[in-house]
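J.: Here it is: the structure, laid out below.
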Amino acid sequence: MSSLESNIIVLCFEKNETTIRKIKEKLETSGLDFEIGGVRNIEDFTSALRHIRFDVIVADYGLSHEEGKCALDIAKKIVPNAPFIYISDIEDNKTILIALEAGAAQFIHKNNLDILPLTIKRSIEEVRERVENKRIRFLLEESEEKYEKLIQSVPDVVYRIDNEGYFLFVSDSIKNFGYEPEDLIGKHFSVLLHEKDAPNVSREMVLPGFKGIETGDEKAPKLFDERRTGKRMTKNLEIRLNPETVKNKNILKKNKDSGLQWVEVFSSGDYLETEEDNKIKIEKNEEKETIWIEISAAGEYFQSNKENQLLGTVGLIRDISERKKLQMEFQEILSKLKNSNEELKQFAYVASHDLREPLRMISSFLDLIKRKIESHYQQDEDMNEYIQYAVDGAHRMEDFINALLRLSRIETHGSDFQQTDLKSVFEKATDNLRIKIEENQAFLKLESLPVVLADSSQMIQLFQNLIENALKYRRKDIDPVVHIFSSETESEYQITVQDNGIGIQKEYFDRIFIVFQRLHTREEYEGNGIGLAMCKKIIERHRGKIWVENGENGGARFIFTLPKE
């Protein structure tokens, strides 16, 4: 069809020349752009419809041999969407009604042809609107069918609830939880509720069926007041299902005493762009197997006069039982690990504490024996060597126990976190190491350090261990240089302690932070292999991280982070 803004093509089936002239005159003076084609017999009428595209048909109802009546039947078959308008001298209402019922758009008396242009225009608009509506309905039905097939094919449950809590749609996946869609569609979600859970839900706004039951000590509508977040959104409400509403009794059999089903059955809506994730659980059957499901829900709103009217809620229910099972197993393992760590800390503390006195006594007596042997067996070199081994071993064991005791006390004997100036911490650490720094002729280069929330004594121990590590593993051919500087991100500070020493091979980057791990023999470098392990423990207590990298020009670069909050 042509646009109404352009010319309107009219097919006129009329044999009377006077009537044809009147029709042309009325159309040409109407202000609309009409193009008129005329035929005088049924054969030409049929041929014209087959070969030319017309917007509207005007035919004389009273043509001989009932050609006017036949013309309507032919037009309906060939151009069903073109309006068909009858003109006639007939004034019989019954005849007019028959023509309209047969499919004519309008019936106009020949004495009233003034209304023909407007009638044509309106008829074309009505037909086009009807055709467009039909097309839209077809597309909508096709789209709905397509998306319903898609929805029904996914394992998650898709649901829709109106603004008063009545289910409008539930996908077939609801069967996995013991329900049939027809159990819920058209019903208020309160039919699912166990009556003893009414106190958890608003009586006035949600549960009109429970008006005789109190909704709490103060009769407060909890669901939509206390638990509301934002505009009509509820999170993490757990309630029991009414087992009588479940059609699939297999999911509830033998569950009368302990088989309560828990589920969040309604999430009130918010704007379409707002979503919520609610975790709910269903406890089923005699073995008390728990099904966990996660609901994502969003409100549907209609905006009218700058106000948002709640239409309802759409949501997605996903079975996350396996994920929850793994999470619970992980939490169980984590709990056991924490208990094991606590027991290990307690053992380390008790063992080291209880061993210190006997070892101190052994060391003291070995020292006495050594002096006595040296005075009486000066010529017996083997005896002196053996005693020296015993004395050194006892002292080394005492050092190990003291170190282990200090390590165990990082978590249990730390001070409260306070605002701590790391520049002041650095100065105290270097004071403690002044003799070693002077002996090694080391140069310490300090740039600005931040103020952090920390245990100041542990921060001193941290800096002291890292600087001492740099002095210990120095190169023999050059004086040691230790460069300390910091940077920051939005959430944390990053402090770097860089040296020009012998460096560390990449494969040992993780190993050096393990307690009592050594990369060199005791004859090469003294120490008990616990200094960097203490650094790691201190940083972990401060919710930070520590790692090592190789420097650009050799040496090692130790980096640790401390959170800003």
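Numbered per this note's numbering, the sequence shown finishes at 578, counting up by one with no gaps.
Glycine is no exception: its CB is placed at the ideal position from the N, C-alpha and C atoms.
CA-CA distance, residue 567 and residue 432?
T.: 34 Å
J.: Is residue 132 near the ligand NAD, with its Cβ less than 8 Å from a heavy atom?
T.: No copy of the ligand NAD appears in this structure; indeed no ligand is present at all.
J.: Can the beta-carbon of residue 465 be found less than 9 Å from the beta-carbon of residue 472?
T.: yes
J.: If you follow the alpha helix (DSSP H) that residue 7 is part of, which residue opens it and which one closes it?
T.: Summary: the structure shown does not reach residue 7, with the chain confined to residues 14 through 578, and so no result is reported for it.
J.: For the candidate residues 117, 168 and 551, whose alpha-carbon lies nearest to that of residue 74?
T.: The option with the nearest alpha carbon to residue 74 is 117.
J.: Cα separation between residue 57 and residue 81?
T.: 13 Å
J.: Quick one: give me the first and last residue of the beta strand (DSSP E) that residue 666 is part of.
T.: Since the displayed the chain opens at 14 and closes at 578, residue 666 lies outside it and no answer follows.
J.: Taking a contact to mean a Cβ-Cβ separation below 9 Å, would you say residue 501 touches residue 436 in this structure?
T.: no
J.: By how many angstroms is the C-alpha of residue 93 removed from the C-alpha of residue 223?
T.: Low local confidence applies: a pLDDT of 40 at residue 223 is under 50, so the model's placement there is unreliable, and no value is given.
J.: What does the alpha-carbon distance come out to for the pair residue 445 and residue 380?
T.: 29 Å
J.: Among 460, 489, 518 and 467, which residue has its Cα nearest to the Cα of residue 499?
T.: 460
J.: At which residue ranges does the region 494–560 contain complete alpha helix (DSSP H) runs of 4 or more residues, listed in the order of the chain?
T.: 544–554
J.: In terms of residues, what are the limits of the alpha helix (DSSP H) holding residue 190?
T.: Careful: residue 190 lies outside any alpha helix (DSSP H) and carries neither H nor E.
J.: With a cut-off of 8 Å on the beta carbons, I'd call residue 457 and residue 495 a contact; round off their distance for me.
T.: Rounded, the Cβ-Cβ distance is 5 Å, consistent with contact.
J.: Throw me the rounded Cβ distance for the residue 332 and residue 189 pair, which I believe falls under 8 Å.
T.: 7 Å
J.: To the nearest angstrom, report how far apart residue 632 and residue 430 are at their CA atoms.
T.: The requested residue 632 is not part of the displayed model; the chain covers only 14 to 578.
J.: Report the residue from 489, 130, 526 and 524 whose alpha carbon sits nearest the alpha carbon of residue 621.
T.: Coverage of the chain is limited to positions 14 through 578, which leaves residue 621 absent and any answer about it impossible.
J.: Look up residue 67 in the DSSP assignment and say whether it is helix, strand or coil.
T.: Under the three-state reduction of DSSP, residue 67 is assigned to coil, being neither helix nor strand.
J.: What did DSSP end up calling residue 101 once you bin it into helix, strand or coil?
T.: strand
J.: Assuming residue 481 and residue 544 make a contact with CB atoms under 8 Å, what is their CB distance in whole Å?
T.: The C-beta distance from residue 481 to residue 544 rounds to 7 Å, short enough to fall under 8 Å.
J.: Have a look at the DSSP bridge pairing and note the partners of residue 23.
T.: 49 and 69
J.: Using alpha carbons as the reference points, say which of 407, 383, 408 and 406 lies closest to residue 396.
T.: 383
J.: How about the region 18–34 and the region 57–70: do they share at least three Cβ pairs that are nearer than 8 Å?
T.: yes
J.: Do you know offhand how far residue 40's Cα is from residue 328's?
T.: 57 Å
J.: Taking Cβ positions only, does residue 514 come closer than 9 Å to chain C?
T.: Absent here is chain C; the protein component of the structure consists of one chain.
J.: Please say whether residue 137 and residue 10 have beta carbons closer to each other than 9 Å?
T.: In this structure the chain extends from 14 to 578, so residue 10 is not present and cannot be described.
J.: Can you tell me which residues form a DSSP beta bridge with residue 458?
T.: The partner list for residue 458 (beta bridge, DSSP) reads 496.
J.: Taking 8 Å as the limit between beta carbons, can you name the residues of its chain near residue 144, skipping five residues before and five after?
T.: Excluding five sequence positions before and after residue 144, the CB atoms of its chain that fall closer than 8 Å to its own CB belong to 94, given in chain order.
J.: Excluding the five sequence neighbours on either side, which residues of its own chain have a C-beta within less than 6 Å of the C-beta of residue 266, listed in chain order?
T.: Low per-residue confidence applies at residue 266: pLDDT is 42, beneath 50, and the placement is therefore not dependable, though the value from the model is reported in the following sentence. Counting only Cβ-Cβ distances below 6 Å, and skipping sequence neighbours, we find nothing.
J.: What number of angstroms, rounded off, separates the C-alpha of residue 325 from the C-alpha of residue 153?
T.: 20 Å
J.: Determine the closest residue to residue 403 out of 517, 386, 141 and 376, with distance taken between C-alpha atoms.
T.: 376
J.: Closest to residue 510 by C-alpha separation, out of 522, 483 and 524, would be which residue?
T.: 483
J.: Exposed or buried, which one is residue 487 when buried takes at least 16 other CB atoms within 10 Å?
T.: buried
J.: Note the first and the last residue of the continuous alpha helix (DSSP H) segment covering residue 9.
T.: Given that the chain is displayed from residue 14 to residue 578, the structure contains no residue 9 and the question cannot be resolved.
J.: Quick check: what's the CA-CA separation for residue 172 versus residue 156?
T.: 18 Å
J.: When DSSP builds the beta bridges, which residues end up paired with residue 575?
T.: 506
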